[in-house]
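Trainee: Got a structure for you, questions after.
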Amino acid sequence: SPRIGVLALQGAIAEHVRALQAVGAEVSTVRRPAELAGLDGLVVPGGESTTMARLAAPAGLLPQIRAAHDDGMALFGTCAGMILMADDVSDAAALEGFERIGGLDIVARRNGYGSQLDSFTADLDVVGLDSPLPAVFIRAPVVESTGAEVEVLASAAERPVAVRQGRMMASSFHPELTEDHRLHALFVQLAGA
Ligand code: GLN
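Pasting the structure below:
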């Protein structure tokens with residue numbers, strides 16, 4: 002079965018580990034660059050992108066995740082993880098001076114749904130799934146634009162909320178917070194292919 006790591010600096014770590022195990026992956030946690038060796042895929046969880054970028058900086062972990070991806074490791078970023086994977090983050094003062102992962106050709110805006118829609122749930126039609134997926138959004142990033150290589154897998158209120166580009170997937174919501182693990186299954190399938 003595919004070997005999937007979960008970046009374990011901060012955020013929703015245990016929930017991703019459980020979801021990945023439930024869909025048959027061999028799961029490990031990643032705190033140091035050496036722990037990236039041999040992974041077919043890595044989940045970059047939700048939480049707080051600025052905290053994760055700060056904790057990752059001393060070991061240069063985020064650029065090394067990018068390098069591992071360039072060598073074939075699949076990536077799945079959720080919420081804050083999507084922000085760390087985005088090529089561009091608008092309104093990113095709090096991330097300035099910190100290296101990110103990058104590579105996903107989108108512009109993401111942190112906390113872009115504003116206070117009124119701070120947190121909400123939605124049932125999403127997702128490309129590749131035959132019935133709606135329940136999705137939990139928590140201070141989620143808004144995807145402001147997507148590049149030509151980016152496939153939109155799901156939208157809410159006419160905005161992309163799940164995307165794929167080659168061996169990268171990202172969602173602005175938290176798929177690990179429900180008992181529906183089909184998005185994790187799609188990722189494990191992508192990572193193992
Ligand atoms: N607002 C957070 C950030 O900017 C993301 C929230 C989340 O991951 N649930 O990193």
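Numbering (the UniProt record's numbering) for the sequence shown: 2 to 194. Glycine included, every Cβ here is placed at the ideal spot set by N, Cα and C.
(1) I'd like to confirm something about S50: is its beta-carbon nearer than 7 Å to some heavy atom of the ligand GLN, or not?
(2) Cα separation between A194 and P34?
(3) Where does S50 fall in DSSP's three states?
(4) Please classify G82 as buried or exposed, where buried requires at least 16 other C-beta atoms within 10 Å of its C-beta.
(5) Going by CA-CA distance only, name the one from A94, V143, G98 and D106 that's closest to L118.
(6) Among V45, E100 and D92, which one has its Cα closest to the Cα of Q11?
(7) If the criterion is Cβ atoms closer than 8 Å, does the pair G104 and D89 meet it?
(8) Scan the segment 18-70 and note each continuous alpha helix (DSSP H) run of 4 residues or more that stays entirely inside, going in chain order.
(9) Please report the distance separating the alpha-carbon of Q190 from that of V153.
(10) Measure the CB-CB distance between A186 and D41 and report whether it falls below 8 Å.
(11) Which residue spans inside the segment 85-116 form an unbroken alpha helix (DSSP H) run of at least 4?
Mentor: Per the coordinate set shown:
(1) yes
(2) 23 Å
(3) Three-state result, S50: helix.
(4) buried
(5) V143
(6) V45
(7) no
(8) 50-57
(9) 18 Å
(10) no
(11) none
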